[in-house]
Amino acid sequence: MSATTDHHGTRHLAAASGIPITLGVAALLFALHIAVGAKPLPLATVFEAIFARNTEVFDHMIIWELRLPRALIAVTVGAALAVSGALMQGVTRNPLADPGLLGLLAGASFAVVATSFFIDLPSMQFLPWIAAAGALATALVVYVISSLAPGGATPLTLTLAGAAITAFLAALTSVMHLLNEDTFENLRVWLTGSLAGRDIAMLWITGPWIAIALLAALALGRQVTALAMGDEVAKGLGVRTGPLKVQLLVTVVVLTACSVALAGPMGFVGLVIPHVVRLFVGSDYRWIVPYSAIVGAAYLLGIDIIARVAIAPREISTGIITAMVGAPVFIQLVRMRAK
Amino acid sequence: MDDHKSQSRLRSEHLASGYGETPVLSDVSLAVADGKMTILVGPNGSGKSTLLKTMARILTPSSGSVILDGKAIHQSKSREVAKKLGLLPQGPIPPEGLTVRELVAQGRFPHQGLMRQWTREDEEAVRDAMDTAQVSNFADRPIDTLSGGQRQRCWIAMVLAQQTDLLLLDEPTTFLDLKVQVDLMELLADLAHSSGRTLVVVLHELSLAAAYADHLVMMKEGRVVCAGPSHCVFTEARLREVFDLDAQVIRDPVTGHLVCIPLGAHARRKAAVRVA
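Sequence lines, in order, name chains A and B. Here the numbering used here is used: position 313 in the first sequence is 693, and no number is missing along the way. Here the numbering used here is used: position 59 in the second sequence is 331, and no number is missing along the way.
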């Protein structure tokens, strides 16, 4: 009995005061992320560069040209994927749902691999566009398939159609891989989800969309909590479940397509971060959404630091580290909370 | 069909409804008596749950209408309806880890908005609902650690926190122990008789229905066969007609409630022996 009271106590403490704490951790990781690298910079220099920029100083140039963009992209992608996953889990009432469930990630990979299979891509410049287009096209196909099913496009039929399309596209992608290995040398890193060498211009294009989608997610949080109790309960409480699900799925598609454009098809974050958040703040999406955004951003910053320093001067693809480091940490967290 | 004279805020008029292409209800007109407990009974597939769900605007009627306070419910704003009419669906499943208090607080949904945040009024409504449903003692425990009867009380508390005059409940006692069923029915009867709420309850247990209904409605094949006080509706002839059940209806000497004793082949043989 006392254990459950404690549990509740910490939960409410977390709900009330956790935002500044997690924001602080995220800000610290943000600064650290900029400080570490091939040329380690003291944190003082990082703050100086951010708040009192001097274009003459070489270190400031490194920070503004190279490191700050990458840190910003890590923040954006982490927040977008985590919130996207949280919404998917809420709307489908499936704890294993993630942003990839609608076939978005497989669609992005397929589009990129297929394009470079048939034409010689002159540069990586168009990659984000192709990826985002692939993700959106797949979302559309999945939607059409599931609306042909009896009962129309429900979260269940969407999930099934998404899983089938994902398997199908993954098979096609593998075939193209096998037929032409050389072309994909440079895509291999991208396909695991990577933050290396990203174009900051892409952030200016996707940023506003992600911002709008995140605000929408925050505004819809209360209704998602009601929806997570089942359609009939939600309807009884006055939630218009049909329009709400459409709004949520559009939000998920925007968030996921934008993060694919920024960092490639990155898994794990969208699946696990919402669960980690739930362990601490419970089942209320008014809290799950903002915490997922902050924790997702902080997590990807931390992971990207490891990706850059683990085997320096070379670096490991961020997407690989997310799962390699994240899985044991997640298992440990669940074990700790289960006691 | 409407044999009672009392007022009705909620009624259905020539209602036809069903799931997708399959029609279940046809031409159901029912006036729900205010401040009373109306209980819907009928064999499986008789349309009692369909009627309840259509009255709660979960299902959209193919023809006819549901009228709440003079307005067609399916044309009204869902959130406005939710301030007057609460629904407890059959076998709801709470999200993992949700505490009792958090679940009950969800009942305040229709009273809140994006701008209107949690108020003292909400807090009081939640506390009152938990007291009434007697779940305050384990308010901070996760729902999934509770027994079936406790859980059902929590869901009832959630609907009570909605502070509606009308409550629709779909088989609230199914899968519970008999003692727990009786306790729940007592709670529901109190809600109708002490606090003047209007309840419509779908029930499987015939004797419980007969004992607690102010107004008993028997349904078969998507139609209302008969409706009225238990002593008019709950008869051996009706049970045979509606449920295809041979049963003896007797009045319990202690409570005065009507009780039905099913007569299977075994019981009939024993009865024959005793008569001989």
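A virtual CB, placed ideally from N, CA and C, is assigned to each residue, including glycine.
Identified DSSP bridge partners for residue i
| i | result |
| --- | --- |
| residue 442 (chain B) | B:474 |
| residue 492 (chain B) | B:495 |
| residue 532 (chain B) | B:521 |
| residue 470 (chain A) | Bridge partners of residue 470 (chain A): none, in fact. |
| residue 343 (chain B) | B:340 |
| residue 414 (chain B) | B:371 |
| residue 304 (chain B) | B:282 |
| residue 487 (chain B) | B:310 |
Chain A contact for residue i (CB, 7 Å cutoff)
| i | result |
| --- | --- |
| residue 389 (chain B) | no |
| residue 354 (chain B) | yes |
| residue 330 (chain B) | yes |
| residue 382 (chain B) | yes |
| residue 319 (chain B) | no |
| residue 460 (chain B) | no |
| residue 274 (chain B) | Residue placement at residue 274 (chain B) is flagged as unreliable, the pLDDT there being 44, under the threshold of 50; the coordinate-derived value follows with that caveat. Not closer than 7 Å to any Cβ of chain A, the Cβ of residue 274 (chain B) fails to qualify, so no. |
| residue 333 (chain B) | no |
| residue 501 (chain B) | no |
Among the options, nearest to residue i - alpha-carbon criterion
| i | options | result |
| --- | --- | --- |
| residue 591 (chain A) | A:457, A:606, A:707 | A:457 |
| residue 695 (chain A) | A:576, A:433, A:586 | A:576 |
| residue 402 (chain B) | B:389, B:383, B:422 | B:422 |
| residue 300 (chain B) | B:316, B:326, B:357 | B:326 |
| residue 440 (chain B) | B:430, B:448, B:449, B:420 | B:430 |
| residue 463 (chain A) | A:489, A:648, A:527 | A:648 |
| residue 686 (chain A) | A:415, A:562, A:533 | A:415 |
| residue 618 (chain A) | A:629, A:630, A:603 | A:603 |
| residue 409 (chain A) | A:595, A:632, A:697, A:676 | A:676 |
| residue 627 (chain A) | A:671, A:550, A:595 | A:595 |
| residue 320 (chain B) | B:364, B:514, B:351 | B:514 |
| residue 397 (chain B) | B:409, B:416, B:373, B:417 | B:373 |
| residue 304 (chain B) | B:460, B:532, B:526, B:500 | B:500 |
| residue 292 (chain B) | B:332, B:470, B:385 | B:332 |
| residue 494 (chain A) | A:716, A:541, A:419, A:557 | A:557 |
| residue 524 (chain B) | B:495, B:355, B:503, B:464 | B:503 |
| residue 283 (chain B) | B:445, B:409, B:479, B:323 | B:323 |
| residue 491 (chain A) | A:509, A:476, A:467, A:505 | A:509 |
| residue 508 (chain B) | B:444, B:472, B:317, B:520 | B:520 |
| residue 522 (chain A) | A:546, A:497, A:468 | A:546 |
| residue 538 (chain A) | A:715, A:640, A:432, A:520 | A:520 |
| residue 635 (chain A) | A:431, A:426, A:461, A:398 | A:461 |
| residue 433 (chain B) | B:389, B:405, B:368, B:362 | B:405 |
| residue 447 (chain B) | B:415, B:382, B:363 | B:363 |
| residue 551 (chain A) | A:532, A:486, A:712 | A:486 |
| residue 468 (chain B) | B:442, B:444, B:308 | B:308 |
Secondary structure of residue i, DSSP reduced to three states
| i | result |
| --- | --- |
| residue 619 (chain A) | coil |
| residue 437 (chain A) | coil |
| residue 538 (chain A) | helix |
| residue 457 (chain B) | helix |
| residue 612 (chain A) | helix |
| residue 408 (chain A) | helix |
| residue 469 (chain B) | coil |
| residue 299 (chain B) | strand |
| residue 544 (chain B) | helix |
| residue 293 (chain B) | coil |
| residue 284 (chain B) | strand |
| residue 310 (chain B) | strand |
| residue 382 (chain A) | A caution first: residue 382 (chain A) carries a pLDDT of 35, below 50, which makes its placement in the model unreliable, though a value can still be read off. Helix at residue 382 (chain A). |
| residue 500 (chain B) | strand |
| residue 335 (chain B) | strand |
| residue 477 (chain A) | coil |
| residue 537 (chain B) | helix |
CB contact check: residue i to chain B, cutoff 7 Å
| i | result |
| --- | --- |
| residue 612 (chain A) | yes |
| residue 615 (chain A) | yes |
| residue 597 (chain A) | no |
| residue 620 (chain A) | yes |
| residue 672 (chain A) | no |
| residue 417 (chain A) | no |
| residue 710 (chain A) | no |
| residue 519 (chain A) | no |
| residue 577 (chain A) | no |
| residue 706 (chain A) | no |
| residue 532 (chain A) | no |
| residue 526 (chain A) | no |
| residue 386 (chain A) | Only weak support is given to the placement of residue 386 (chain A): the predicted model assigns it a pLDDT of 36, under 50, and the value that follows is read from those uncertain coordinates. Cβ-Cβ to chain B under 7 Å: no for residue 386 (chain A). |
Original post:
Which whole runs of the beta strand (DSSP E) in the region 351 to 401 of chain B are 3 residues long or more, in chain order?
Top reply: 357 to 360
Original post:
Hey, which unbroken runs of the alpha helix (DSSP H) at 4 residues or more fall wholly within the region 511 to 535 of chain A?
Top reply: none
Original post:
Where in the region 620 to 704 of chain A do unbroken runs of the beta strand (DSSP E), each at least 3 residues long, occur, reported from the N-terminal end onward?
Top reply: none
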